[in-house]
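**Q** The structure that follows is given in the form of structure tokens.
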Amino acid sequence: MMKPNSSRGTKVADENQQLLQGQARDEPVAVTRWRAAERRLYPLIMVDADLYKTAVTLVHEAAQVLSRECGTVAELTHVDAAGVLAQCPSTALATSSGFDPGTALDAARAHRFRDLAAREPDAGPEPRQGGQP
Numbered sequence: 006m007m008k009p010n011s012s013r014g015t016k017v018a019d020e021n022q023q024l025l026q027g028q029a030r031d032e033p034v035a036v037t038r039w040r041a042a043e044r045r046l047y048p049l050i051m052v053d054a055d056l057y058k059t060a061v062t063l064v065h066e067a068a069q070v071l072s073r074e075c076g077t078v079a080e081l082t083h084v085d086a087a088g089v090l091a092q093c094p095s096t097a098l099a100t101s102s103g104f105d106p107g108t109a110l111d112a113a114r115a116h117r118f119r120d121l122a123a124r125e126p127d128a129g130p131e132p133r134q135g136g137q138p
């Protein structure tokens with residue numbers, strides 16, 4: 006995570022603003038992938054409640070790591086996935102249960118993205134999904 010630095014403060018704010026407005030090429034694609042991961046989690050509750058609980062626990066752990074390490078959308082987009090998952094105690098259980106920990110990480114990224122977007126009052130509309138406004 007970037008440490009507060011008055012000389013870099015404006016640059017970081019500008020970078021966040023550009024990314025949140027979708028001016029960075031990889032951001033909308035990443036956000037779409039992250040949201041898709043969230044949507045894949047919800048149906049698990051109907052077919053395997055234990056696996057759902059394991060998955061949600063891993064999402065929570067990953068979200069905590071991302072909150073500590075990612076203070077900008079750029080950092081969130083480029084964070085080392087293996088490094089984040091290595092800090093999550095539930096990664097091994099999720100993997101051994103047949104759940105893809107990458108899906109949990111992407112769902113946690115979607116959560117962290119919303120947190121970061123909420124801090125930017127002029128972020129504009131969220132990226133479109135499925136061609137809908």
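Start counting at 1 in the sequence shown, then tack on 5, and there's your number in our numbering. For every residue, glycine included, the Cβ atom is placed at its ideal position computed from N, Cα and C. Treat the numbers as computed from the prediction; the structure is a model and nothing was measured.
#1: Since Val89 contacts Leu71 with CB under 8 Å, what's their CB separation in whole angstroms?
#2: Which residue from His65, Asp55 and Ile50 puts its Cα closest to that of Ala109?
#3: May I have the straight-line CA-CA distance separating Ser101 from Ser95, to the nearest angstrom?
#4: Would you mind sorting Arg119 into buried or exposed? The rule is 16 or more other CB atoms within 10 Å of its CB.
#5: Evaluate contact between the segment 46–57 and the segment 67–82, counting only Cβ atoms and requiring at least three cross-stretch pairs below 8 Å.
#6: Ends of the alpha helix (DSSP H) at Tyr57?
#7: If you draw a straight line from the C-alpha of Gly103 to the C-alpha of Ala54, how long is it?
#8: Consult DSSP for Phe118 and reduce its assignment to one of helix, strand or coil.
#9: Among Val78, Gly76 and Gly107, whose alpha-carbon lies nearest the alpha-carbon of Ala91?
**A** For this structure:
#1: On the sequence shown, position 84 is the one that residue 89 refers to. On the sequence shown, position 66 is the one that residue 71 refers to. About 7 Å; that satisfies the 8 Å criterion.
#2: As a working note, residue 109 is residue 104 in the sequence shown. Comparing Cα-Cα distances from Ala109 to each of His65, Asp55 and Ile50, the minimum goes to His65.
#3: The residue you call residue 101 lines up with position 96 of the sequence shown. The residue you call residue 95 lines up with position 90 of the sequence shown. About 10 Å.
#4: To locate residue 119, count along the sequence shown from 1; it is residue 114. If you draw a 10 Å sphere on the C-beta of Arg119, you find fewer than 16 other C-beta atoms in it, and that means exposed.
#5: no
#6: Position 52 of the sequence shown, counted from the first residue, corresponds to residue 57. Run containing Tyr57: Ala54 to Glu74, per the alpha helix (DSSP H) assignment.
#7: Here residue 103 is taken as the residue at index 98 of the sequence shown, counted from 1. Here residue 54 is taken as the residue at index 49 of the sequence shown, counted from 1. The alpha-carbon atoms of Gly103 and Ala54 are separated by roughly 14 Å.
#8: Translated into positions along the sequence shown, residue 118 becomes position 113. Looking at Phe118 - three-state DSSP - the assignment turns out to be helix.
#9: Translated into positions along the sequence shown, residue 91 becomes position 86. That would be Gly107, whose Cα lies nearest to the Cα of Ala91.
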